[in-house]
Amino acid sequence: MTFKQLTASLLAGVLALAPITGAVQAQDTVTDYAIAQFGEPPAIPTGDLSPELQEAVRVVFVESLENGRWGTDQSEALDVIAASGDPRLAWTIADMMRFTWRLEFHNALSDTAGELLGISFDSFDRWNKITNHLIAWDVPSYPGYLNEKRTIFTRFVPGWDRIFVEGDIDWRLVSWGGVLIDDRPFGLEEICNNCIPAADDPAVSTADEATWLKDSDIVFGVEVNGETRAYPRRIMEVREMVNDTLGGRQLGIPYCTLCGAMQAYFTDNMPAGVERPVLRTSGLLIRSNKVMYDHNTYSVFDTFLGHAVTGPLAEIGLKLDQATVITTDWGTWKAQHPETTVLVEELALGRDFDFRNNRDKDGPIFPVGDVDPRLPIHEDIIGVTTASGKPVAFQRATAFLALQAGEEIAFENVRLKLEAGGIKAVDADGSDLGSHQAFWFAWSQFHPDTELWTQ
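Mind the numbering: the sequence shown is residues -26 to -1, 1 to 429 in mature numbering (1 follows the signal peptide of the UniProt record, and there is no 0), read in order.
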């Protein structure tokens, strides 16, 4: 049967698919504020794709890549997908749209996704709108979805074949961040082409030697066993990942420019037989948060939560502990910690992006879906987890003023205190609780049950 004949056959019988697969509303998993912003979700079929629809998916998303062409067969197969009325297929369409190389192809895909989701477009940024709706409506994927996704992503970026594997990760939410995977072994100083190069055992200087830094420059301060180090934001915006040693402890330090979060994970004290993870940037994102992985095992980590979600490290249930990161300015940090070391200017590779005040000043540039409306999307919060396991966020600006006024800020066992121009969370006995600063949208989407401290 030709695809033209298959199209006619499926179009004629498409209404008969509903009784076979059933259909349910996604409403039970959709928040009221998502519906208020994105409208009511569409009906979602359940079960496997029909054999005809599976073949259409193969022609559009696999055969087109294998042959490097978009022709009549692909157009006819896309008609079959549109006629199915199955919104789940919009996930694979969105994946392909991220890599489309021809406007005609891009238009055909976006028109089909719009038809499946019942949305229209008023701007050219159609991939973003499609993906935001899919996330906000929590549209499920169809059985076998990861196979097509792996085919699409690994076709365009070598090195991802070991990344796209089953695990405790929601592959629907993974998108391309526009750069290649950093797959260099530990300590290789050669800068990779079009990847975000991690810095391993970075060179440092004393505070007095760091004359290139202005007092107003933003730095991320970390203290471990009495030893302090400043990681200038200018450098972290270029590197986004540092594997370091401080206070006799080994650290993996990711910085997500998109979600305003710098975190410091301890990567030593591994179980017997497990090497220290060498953290790298994969080039992938989940809801505008970077996806990091271990170069030794290719285990993927949930960057925000610090636990392995795929690979050998996920199999042993590895979860990394955090040290506190203080977001402050260089002048205040070095005044309180005159003995601090600081990363050297050369690590910035001559770049100075200031993403927060430039690229990201109007909000997230990648899809995030629905966002908890209790705070503005880019509001800075201090996030920490209590002894009972409850995540809690403190609005930074409000907490800072309250602390300056001498007020006590407490939530369960958590106490906030001023530290070198920033804020840290400590236990009731003063011990470090591993807090960090982040944008509200990022904290709330990775901690959907978070408490929000109010004064």
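In this text, a Cβ means the ideal position worked out from N, Cα and C, and glycines have one as well.
Going by DSSP, what residues sit across from N263 in a beta bridge?
Bridge partners of N263: I260.
Identify the residues that DSSP records as bridge partners of M215: which are they?
P228
Report the three-state DSSP secondary structure of V(-13) (helix, strand or coil).
Bear in mind that the predicted position of V(-13) carries a pLDDT of just 37, short of 50, making it unreliable; the figure below should be weighed with that in mind. The three-state reading of DSSP puts V(-13) in helix, counting H, G and I together.
How far does the beta strand (DSSP E) with E393 in it reach, from first residue to last?
V388 to E393
In whole angstroms, what separates the C-alpha of Q369 from that of W427?
7 Å
Between which two residues does the beta strand (DSSP E) containing I300 stretch?
Taken as a continuous stretch (DSSP letters only), the beta strand (DSSP E) holding I300 covers I300 to D303.
Under a three-way DSSP split, which group does K188 fall into?
K188: coil per DSSP, three-state reduction.
What's the gap between the Cα of G118 and the Cα of A288?
22 Å
Excluding sequence positions up to five away, which residues of its chain have a Cβ less than 6 Å from the Cβ of P365?
T359, H421 and T424
D174 to P341, Cα distance in whole Å?
30 Å
Name the one or two DSSP bridge partners that T359 has.
P365, per the DSSP bridge assignment.
Check for me: the beta strand (DSSP E) holding G396 runs from which residue to which?
First-last of the beta strand (DSSP E) with G396: G396 to V400.
Quick check: the stretch 250 to 258 against the stretch 155 to 173, are at least 3 beta-carbon pairs closer than 8 Å?
Result yes; three or more Cβ-Cβ pairs closer than 8 Å.
For T5, which residues of its own chain have a beta-carbon under 7 Å away from its beta-carbon, when the five flanking residues on both sides are left out?
D344
Short check: CB of A235 to CB of A412, under 8 Å?
Yes, these two residues count as a Cβ contact at 8 Å.
Between which two residues does the beta strand (DSSP E) carrying Y239 extend?
A238 to F240
Around the C-beta of F138, are 16 or more other C-beta atoms found within 10 angstroms, so that it is buried, or is it exposed?
buried
Does DSSP put P286 in a helix, in a strand, or in coil?
helix
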